[in-house]
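*Asks:* Let me give you the structure first, and then I'll get to my questions.
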Amino acid sequence: MNLQIKAQLQRGDFRLDVDTRWPAQGVTALFGRSGCGKTTLLRIIAGLERVRGAQVWFGDECWQNDSQWVAVEKRRLGLVFQEASLLPHLSVTGNLLYGYKRTPSTLRRLQLPEVSAMLGLESLLSRPVDALSGGQKQRVALGRALLCSPQLLLLDEPLAALDTQTKREIMPFLSRLAQASGIPMVLITHAPDEVQRLADRVMFMCDGRVDDLCTLQQAMAKPDSPLFADEGPSSVLEGELGIADEHGARLFGPEGSQLRVQAPDDANTCTQTSTGTTRLRVLARDVSVALDDPARISIRNHLVVTIRQLHDLPGNRVLLDTFMQDGQTLLIEITPWSAQQLALAAGQRVFALIKSVALMR
Amino acid sequence: MLELSATDWQAIRLTLTLCFFTTVILLTIATPLAWWLASGRSALRVVVQTVVALPLVLPPTVLGFYLLVALGPRGPVGSTLEGMGLSHLAFSFEGILLASVLYSMPFAVQPLLEAFNNLGRRHVEVASSLGAGVLDRFFTVILPLCRGGFIVAATLSFAHTVGEFGVILMLGGSIPGETKVLSILIYEHTEAMNYVAAHRLSLLLLVFSFTVLFVVYSINRRFQVAKV
Chain A
1 MNLQIKAQLQ RGDFRLDVDT RWPAQGVTAL FGRSGCGKTT LLRIIAGLER
51 VRGAQVWFGD ECWQNDSQWV AVEKRRLGLV FQEASLLPHL SVTGNLLYGY
101 KRTPSTLRRL QLPEVSAMLG LESLLSRPVD ALSGGQKQRV ALGRALLCSP
151 QLLLLDEPLA ALDTQTKREI MPFLSRLAQA SGIPMVLITH APDEVQRLAD
201 RVMFMCDGRV DDLCTLQQAM AKPDSPLFAD EGPSSVLEGE LGIADEHGAR
251 LFGPEGSQLR VQAPDDANTC TQTSTGTTRL RVLARDVSVA LDDPARISIR
301 NHLVVTIRQL HDLPGNRVLL DTFMQDGQTL LIEITPWSAQ QLALAAGQRV
351 FALIKSVALM R
Chain B
362 MLELSATDWQ AIRLTLTLCF FTTVILLTIA TPLAWWLASG RSALRVVVQT
412 VVALPLVLPP TVLGFYLLVA LGPRGPVGST LEGMGLSHLA FSFEGILLAS
462 VLYSMPFAVQ PLLEAFNNLG RRHVEVASSL GAGVLDRFFT VILPLCRGGF
512 IVAATLSFAH TVGEFGVILM LGGSIPGETK VLSILIYEHT EAMNYVAAHR
562 LSLLLLVFSF TVLFVVYSIN RRFQVAKV
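From first to last, the protein sequence lines stand for chains A and B.
Just so we're aligned: 38 in my numbering is position 38 of the first sequence, and the numbers increase by one with no gaps anywhere.
Just so we're aligned: 382 in my numbering is position 21 of the second sequence, and the numbers increase by one with no gaps anywhere.
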């Protein structure tokens, strides 16, 4: 089942020209700078913006074409905006149940207790809306959208207005939601780390056009990926997270490429993805390379990786594109001097040293 | 203290009826109109807004004159009505009701427009995404969140219609029970040098108007949604 959009729009200097489709499952991130047309596209999908000549299909349901128009309230969407936009004249429960009451009982798949537990809302239910913090409001907004049992969840930069601490608090809820609800999500963001933590596929937008639409792994395989603009190259590793040992370290990933992850419940680094595995984000600059397995060293994570390719990066850096024994890509950033000294070349097997503390970021 | 004559009572009843219907009709028309004005992008919006505001600057006699011409037996509206076997609208209650609606329109539209602009789109968009249809959104989101604006619009429409004089004089004449409203009656009492009767009704209107404005400004302070 696909979500399919075709739209052209000229508004002043801004031109939107999109003709795209992607599978309606998992989390699809719309990534691009402010003003690239992400929000306009989302509003067209939602039916908040009626653009002449546009076409929107959700599976075989036509939401908009030349002869047909389905109103927003009939599309069965969940919408969450940057600001929580709770209805100020209703209580938290009133907000949560606003959409639920308007959903035919045969279509209701989620109930209040379930959603409150998923989003940690139990203690907030009786509070007035204006007594909530920014993060709490956003959780209520998420819960409210979920309680309509939507067939598609549209999130327009839901974390952008929150401070770092609150973001860290909401992120696990978002990823749990993507996994537990099974509802396809479209996430608008300009934050690479949100894409890497949550998305299954990324659509890059620029100046009103779709630049690229690919899976997260494909997007991260390019050394010049826009996702690396902020913090430099990084890798996303997926795997199962084991239980904590007596030092609080947890094993991550399959035998042979196993990592020790410190922070047991640090939801900021490890996020549950929509497929049920855990994701770790490793910045390329937090990984070092050794030709032999060093024995007397404080770094505990030593992985055997094979160099696929070396890339010269601007700013006098070298990026090693390597793959681990289970095939997952691990990017390593070193200096040209190190690359030369170690005589690194494609096909070579080396040891990647990842400081376990680096995984807690 | 207030010894009102039967004519006075008749005029009071008529005025209240006129004001009541004017207010009901105005709120029904002004709500969608103000919503459209608050949301539309078209240039037509400015034209409509200007037309709606015209009664604020036009002498009431001008409005009354055009209405008399249009609604009278030879006017386009009046003759069409007569052609359909109905009567024309000059010198009738229906005529001054129509005039009052036009005359008080800016007093209903302006506070609502202000309230809708302050409300913004977001809450309404949220409600529609949560499955609420047009009327549902109006009653569960717009009305409760803009109630200050609605109260001000209703009160001002009512009060402004009470104070209407020139338009009614031009279009309605002074037919007892039909078009002779309080303001006209006061004028007639004065013309007839019956100052005592004119005093009674004038004082009544003065107290009424003060109360209404006092209520409106108190609401404004409380809701901070509409400025008049």
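Think of the CB as a built atom: it goes at the ideal place given N, C-alpha and C, for glycine as much as any other residue.
For clarity, every value in this text was computed on a predicted model and none was experimentally measured.
State the Cα-Cα distance for the pair L159 (chain A) and T383 (chain B), rounded to the nearest angstrom.
*Replies:* Going from the Cα of L159 (chain A) to the Cα of T383 (chain B) covers about 48 Å.
*Asks:* Does the CB of R483 (chain B) have a neighbour CB from chain A at under 8 Å?
*Replies:* Closer than 8 Å: yes.
*Asks:* To which residues does DSSP link S234 (chain A) through a beta bridge?
*Replies:* Beta-bridge pairing links S234 (chain A) to A:L283.
*Asks:* Please report the distance separating the alpha-carbon of N581 (chain B) from that of S366 (chain B).
*Replies:* Approximately 37 Å, taken between the alpha carbons.
*Asks:* Please list, in chain order, all residues of the same chain as G242 (chain A) whose beta carbon is under 8 Å from its beta carbon, the five residues on each side excluded.
*Replies:* Correct list, in chain order: R250, L251 and F252.
*Asks:* Rounded to the nearest angstrom, how far is the Cβ of I387 (chain A) from that of G135 (chain A), given a contact under 8 Å?
*Replies:* Not covered by the structure: residue 387 (chain A). The range shown for chain A is 1 to 361.
*Asks:* How should G26 (chain A) be labelled, buried or exposed, when 16 other C-beta atoms within 10 angstroms of its C-beta is the threshold for buried?
*Replies:* Burial call: buried.
*Asks:* Could you check where the alpha helix (DSSP H) with F468 (chain B) kicks off and where it finishes?
*Replies:* Element bounds for F468 (chain B): F454 to L480.
*Asks:* Would you report the Cα separation of G78 (chain A) and L213 (chain A), rounded to the nearest angstrom?
*Replies:* Looking at the two C-alpha atoms, the distance is approximately 23 Å.
*Asks:* Whose CA, out of A:R139, A:I183, A:A178 and A:F204, lies closest to the CA of L198 (chain A)?
*Replies:* L198 (chain A) has its Cα closest to that of A:A178, out of A:R139, A:I183, A:A178 and A:F204.
*Asks:* In whole angstroms, what separates the C-alpha of P264 (chain A) from that of L280 (chain A)?
*Replies:* Per-residue confidence for P264 (chain A) stands at a pLDDT of 48, beneath the threshold of 50, marking its modelled position as unreliable; no derived number is given.
*Asks:* Just curious, the alpha helix (DSSP H) that H521 (chain B) is in, first and last residue?
*Replies:* Unbroken alpha helix (DSSP H) run through H521 (chain B): R508 to V523.
*Asks:* 8 Å is my cut-off, CB to CB: does T103 (chain A) come that close to chain B?
*Replies:* It does; some Cβ of chain B falls within 8 Å.
*Asks:* If we define contact as Cβ-Cβ less than 8 Å, is C148 (chain A) a contact residue for chain B?
*Replies:* Yes, contact with chain B.
*Asks:* Measuring only the C-alpha atoms, how far is A267 (chain A) from M118 (chain A)?
*Replies:* Only weak support is given to the placement of A267 (chain A): the predicted model assigns it a pLDDT of 45, under 50, and the value that follows is read from those uncertain coordinates. Answer to the nearest angstrom: the Cα atoms are 15 Å apart.
*Asks:* Check whether chain A comes within 8 Å of L496 (chain B), counting only Cβ atoms and requiring the distance to be less than that.
*Replies:* No, L496 (chain B) does not count as interfacial toward chain A.
*Asks:* For K74 (chain A), count neighbouring C-beta atoms within 10 Å of its own C-beta (all shown protein chains included) and say buried if the count is 16 or more, exposed if not.
*Replies:* Its Cβ having fewer than 16 others within 10 Å, K74 (chain A) is exposed.
*Asks:* Could you give the DSSP three-state label for V140 (chain A): helix, strand or coil?
*Replies:* V140 (chain A) falls in the helix class under three-state DSSP.
*Asks:* If you draw a straight line from the C-alpha of L48 (chain A) to the C-alpha of Q410 (chain B), how long is it?
*Replies:* Roughly 25 Å separates the two Cα atoms.
*Asks:* Using a C-beta to C-beta distance shorter than 7 Å, which residues of chain B count as neighbours of G53 (chain A)?
*Replies:* Going along chain B, no residue has its Cβ under 7 Å from G53 (chain A), so there is no contact; the nearest lies around 17 Å.
*Asks:* Below 8 Å between beta carbons is the criterion; list the residues of the region 455-489 of chain B that meet it against any residue of chain A, in chain order.
*Replies:* Residues R483, H484, E486, V487, A488 and S489.
*Asks:* Would you give the residue range spanned by the alpha helix (DSSP H) that K101 (chain A) belongs to?
*Replies:* Run containing K101 (chain A): V92 to K101, per the alpha helix (DSSP H) assignment.
*Asks:* Could you tell me which residues DSSP pairs with V350 (chain A) in its beta bridges?
*Replies:* Paired residue(s): A:V305.
*Asks:* Give the interface partners of T72 (chain A) over in chain B, defined as CB-CB distance under 8 Å, in chain order.
*Replies:* With the sequence shown as reference, residue 72 (chain A) is identified as Val, and Thr is not the correct amino acid for it. Here the neighbours are E486, S489 and S490.
*Asks:* Nearest to Y98 (chain A) by alpha carbon, out of B:V502, B:M531 and B:R561?
*Replies:* Of the candidates B:V502, B:M531 and B:R561, the one whose C-alpha sits nearest the C-alpha of Y98 (chain A) is B:V502.
*Asks:* Using the C-alpha atoms, what's the distance from V18 (chain A) back to A404 (chain B)?
*Replies:* Spanning the two alpha carbons is a distance of roughly 28 Å.
*Asks:* Should R435 (chain B) go down as buried or exposed, given a rule of 16 or more other Cβ atoms within 10 Å for buried?
*Replies:* Classification for R435 (chain B): exposed.
*Asks:* Using a Cβ-Cβ cut-off of 6 Å (strictly less than) and excluding sequence neighbours within five positions of T215 (chain A), which residues of its own chain qualify?
*Replies:* Contacts found: R201.
*Asks:* What would DSSP say about S175 (chain A), mapped onto helix, strand or coil?
*Replies:* It is helical.
*Asks:* Alpha carbon to alpha carbon, how far is L96 (chain A) from A141 (chain A)? Give it in angstroms, no decimals.
*Replies:* The alpha-carbon atoms of A141 (chain A) and L96 (chain A) are separated by roughly 8 Å.
*Asks:* Is T551 (chain B) helix, strand or coil when you go by DSSP?
*Replies:* If DSSP states are grouped into helix, strand and coil, T551 (chain B) belongs with the helices.
*Asks:* By how many angstroms is the C-alpha of V92 (chain A) removed from the C-alpha of R76 (chain A)?
*Replies:* Spanning the two alpha carbons is a distance of roughly 21 Å.
*Asks:* Spell out whether any CB of chain B is found under 8 Å from the CB atom of L155 (chain A).
*Replies:* So, not an interface residue.
*Asks:* Which residues in the same chain as Q10 (chain A) place their Cβ atom closer than 6 Å to its Cβ, once the five residues preceding and following it in sequence are excluded?
*Replies:* Once the five neighbours on either side are set aside, Q10 (chain A) has no close Cβ partner at all.
*Asks:* Could you pull out every residue in the same chain whose Cβ sits closer than 6 Å to the Cβ of H521 (chain B), ignoring the five residues on either side in sequence?
*Replies:* Around H521 (chain B): S465 and F468.
*Asks:* Between the region 201-210 of chain A and the region 28-41 of chain A, do three or more beta carbon pairs fall short of 8 Å?
*Replies:* A contact exists between the region 201-210 of chain A and the region 28-41 of chain A.
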